[in-house]
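Going by the UniProt record's numbering, the letters in the sequence shown line up with residues 1 to 124, in that order. All remarks here apply to the structure that follows.
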Amino acid sequence: AYRGRPPRGSKRAFADWEIANLRKGVKKYGCGRWGWILSTGTFHPSRTAQSLKDRWRNVEKHDQDEKKQRRKLEPRQPKGDFDISPPTSEEKERKIREDQENEKLERGSRKKTKRQLQMERGKQ
Numbered sequence: 001a002y003r004g005r006p007p008r009g010s011k012r013a014f015a016d017w018e019i020a021n022l023r024k025g026v027k028k029y030g031c032g033r034w035g036w037i038l039s040t041g042t043f044h045p046s047r048t049a050q051s052l053k054d055r056w057r058n059v060e061k062h063d064q065d066e067k068k069q070r071r072k073l074e075p076r077q078p079k080g081d082f083d084i085s086p087p088t089s090e091e092k093e094r095k096i097r098e099d100q101e102n103e104k105l106e107r108g109s110r111k112k113t114k115r116q117l118q119m120e121r122g123k124q
């Protein structure tokens, strides 16, 4: 007794007009009100609230994939006023000095192993 609906399990692809009605229903009633959307919208008789929910999940995933593709195709532009010119020789030298100083500090702060201490004692 399926009261006008074909039995469950009959698979049918969503038509474009059904997807448009699904989008309108979600916009009007919100995500999660699948029963309301089903009863107020126009859909194929085999549709259930569950099938609308499942289709909506795939519609959203497809929309997100399209956005990602667009982002990949569009050239990225930096936000704000960034100077992207190459560093000057002075800046390079300063960076090298900072790196060397940091390396010295790191070497000095490390604890020596027993073997290293024995080697130093043997040299003296």
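Cβ coordinates follow ideal geometry from the N, Cα and C atoms, glycine included. Treat the numbers as computed from the prediction; the structure is a model and nothing was measured.
Residues near residue i in its chain [Cβ-Cβ closer than 7 Å; skip 5 each side]
i	result
H44	R12, E18
F14	R55
R121	none
E90	none
Q100	none
W52	Per the sequence shown, the amino acid found at residue 52 is Leu instead of Trp. Excluding positions up to five away in sequence, the list reads L22, W34, I37, L38.
K95	none
Same chain only: Cβ atoms within 8 Å of residue i, ignoring 5 sequence neighbours per side
i	result
G35	A49
R115	none
Environment of residue i [buried if 16+ CB atoms lie within 10 Å]
i	result
I37	buried
R47	buried
L73	exposed
N58	exposed
I117	The sequence as given places Leu at residue 117; Ile does not occur at that position. The residue is exposed, with fewer than 16 neighbouring Cβ atoms inside 10 Å.
L105	exposed
N102	exposed
S85	exposed
8 Å contact criterion, which residue i and residue j should meet: CB distance rounded
i	j	result
G25	T40	7 Å
Own chain residues within Cβ distance below 6 Å of residue i, not counting five before or after
i	result
A1	Unreliable placement is indicated for A1, whose pLDDT of 42 sits below 50; no coordinate value is reported for it.
7 Å Cβ cutoff, residue i in contact with chain C
i	result
S46	Absent from the structure is chain C; it holds one protein chain and no more.
**Study point:** Complete beta strand (DSSP E) runs within the UniProt domain "Myb-like" (6-60) (minimum length 3 residues, chain order)
**Key:** none
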